[in-house]
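Residue numbers (full-length UniProt numbering): 1 to 395. Just below is one structure, and these are the notes that go with it.
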Ligand SMILES: Cc1cc2nc3c(=O)[nH]c(=O)nc-3n(C[C@H](O)[C@H](O)[C@H](O)COP(=O)(O)OP(=O)(O)OC[C@H]3O[C@@H](n4cnc5c(N)ncnc54)[C@H](O)[C@@H]3O)c2cc1C
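Right under this line is the structure:
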């Protein structure tokens, strides 16, 4: 039976980074991943371009981690988003910063990131077993015993980076929670987060359109970000963020032109008074959106009476959308809930109850907005768990 200093279960961003840092601190490391390739979910982020981190300040980053961001102060003081950027640049990946601080490889290809991570793991000397599912984990004789279908190995320390329960087709089927239950560790309730919204909106007319920096409002919550109209309703960062505040059954309001004050918009409409409403709106909005909003107003702008002008303004600035529900956990981007953080040491990510057992990434009760923030959490907690497991005394 082969013995390792550290075994890591799960080859997503958290596990890969844990393997790299543990090796960096001179440990004999094995990373086990059940998919044939590492980083399957990571590859699908940012529309297949891999939104590897975010360039914001620490305050920005924390503001975008609604699920227990403050737990990560100690992690970010050891390894943060700027270290991620430096890490990739030192490993030959040219990066670029897009809107809202989102960081991508200049190639716009996830494979650039995945290949750089694979190269680095090999360079650091970690062993990797892909296409191998861990089926059980036990601890006795001061060692972890890890079983796959046909192998058993032991380790002094174990890092669990199996992800959450969203998009299980990428491999994150919740095995980490089984490990937690085996060791009698507490779990908080799992919920869907960053969920696309189901609506009764006449979306066929707008299906496939994405809008930049619109505002969605529900009660005191106002979110300005990008929005995508889909065949089922709404997706894109604005809808995913709004999903934290609603359950289904609420009416939310869409401002198609939040950059324009009412008075400014009225002035613009007056400038185009000789045009049809449709053509006037086309100067301000994408053509299909203009067609959609102008449907009830076939006339020229100058032919509208003041009540109709008010109605048109409402359509543009305060368009009501009834949300009928949210996508399920499996079809949401992120899992809220997981390993209870009051049982994890914030500085080391080691379990307070089981010596030598570490957790990193989405398996923890931490959830962030899309835009690179979850990946930042995964890479930073991964690095810290790997390092801390490496430098701490034998159990
Ligand atoms: C479509 C989509 C788009 C997203 N876009 C963004 C975005 O733009 N920005 C952002 O910040 N976040 C985004 N996310 C979320 C982000 O991808 C995850 O939060 C992140 O990948 C979590 O990393 P992780 O390493 O903790 O887990 P994962 O990436 O889920 O990796 C866990 C790994 O563990 C493996 N595993 C599980 N059980 C076992 C087992 N028993 N044996 C062996 N291996 C096992 C799995 O196969 C998997 O590869 C997106 C998610 C999805 C689904």
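We put the CB at the ideal spot given by N, CA and C, even for glycine.
May I ask whether a heavy atom of ligand 1 can be found less than 6 Å away from the beta carbon of residue i?
| i | result |
| --- | --- |
| residue 75 | no |
| residue 134 | yes |
| residue 232 | no |
| residue 333 | yes |
| residue 112 | no |
| residue 172 | yes |
| residue 189 | no |
| residue 14 | yes |
| residue 397 | Past the boundaries of the shown model lies residue 397; the chain is included only from 1 to 395, so the question cannot be answered. |
| residue 31 | no |
| residue 359 | no |
| residue 362 | yes |
| residue 41 | yes |
| residue 167 | yes |
| residue 208 | no |
| residue 121 | no |
| residue 71 | no |
| residue 144 | no |
| residue 378 | yes |
| residue 51 | yes |
| residue 85 | no |
| residue 373 | yes |
| residue 246 | no |
Sorted by chain position, which residues of the same chain lie with C-beta nearer than 7 Å to residue i's C-beta, five sequence neighbours on each side aside?
| i | result |
| --- | --- |
| residue 161 | 8, 9, 10, 12, 14, 15, 18, 360, 361, 363 and 382 |
| residue 302 | 273 and 274 |
Where does residue i fall in DSSP's three states?
| i | result |
| --- | --- |
| residue 98 | coil |
| residue 208 | coil |
| residue 13 | helix |
| residue 239 | helix |
| residue 187 | strand |
| residue 217 | strand |
| residue 249 | coil |
| residue 279 | helix |
| residue 351 | strand |
| residue 296 | coil |
| residue 58 | helix |
| residue 341 | helix |
| residue 396 | Given that the chain is displayed from residue 1 to residue 395, the structure contains no residue 396 and the question cannot be resolved. |
| residue 5 | strand |
| residue 222 | strand |
| residue 177 | helix |
| residue 29 | strand |
| residue 41 | helix |
| residue 374 | helix |
| residue 312 | helix |
Got a sec? Which residues, its chain only, sit under 6 Å from residue i by beta carbon, not counting five neighbours each side?
| i | result |
| --- | --- |
| residue 94 | 106 |
| residue 32 | 9, 129, 132 and 134 |
| residue 242 | 216 and 223 |
| residue 75 | 380, 381 and 384 |
| residue 113 | 50, 52 and 105 |
| residue 183 | 354 |
| residue 176 | 160, 162 and 363 |
I need the straight-line Cα distance from residue i to residue j, nearest angstrom please.
| i | j | result |
| --- | --- | --- |
| residue 38 | residue 262 | 50 Å |
| residue 201 | residue 83 | 43 Å |
| residue 231 | residue 344 | 41 Å |
| residue 268 | residue 234 | 28 Å |
| residue 91 | residue 335 | 30 Å |
| residue 22 | residue 282 | 56 Å |
| residue 116 | residue 110 | 10 Å |
| residue 155 | residue 143 | 6 Å |
| residue 87 | residue 376 | 12 Å |
| residue 332 | residue 186 | 23 Å |
| residue 286 | residue 206 | 10 Å |
| residue 145 | residue 4 | 11 Å |
| residue 193 | residue 122 | 34 Å |
| residue 240 | residue 96 | 24 Å |
| residue 68 | residue 338 | 11 Å |
| residue 173 | residue 35 | 12 Å |
Less than 8 Å between the CB atoms is what I'm expecting for residue i and residue j, so what's the real figure, rounded?
| i | j | result |
| --- | --- | --- |
| residue 249 | residue 229 | That pair is no contact at about 20 Å. |
| residue 159 | residue 358 | 4 Å |
| residue 102 | residue 371 | 5 Å |
| residue 196 | residue 327 | 5 Å |
| residue 198 | residue 323 | 7 Å |
| residue 354 | residue 139 | 7 Å |
| residue 236 | residue 210 | 6 Å |
| residue 136 | residue 147 | 5 Å |
| residue 329 | residue 190 | 7 Å |
| residue 318 | residue 253 | 5 Å |
| residue 24 | residue 124 | 6 Å |
In chain order, what residues of the same chain have a beta carbon less than 8 Å from the beta carbon of residue i, not counting five sequence neighbours either side?
| i | result |
| --- | --- |
| residue 373 | 54, 61, 64 and 65 |
| residue 212 | 99 and 226 |
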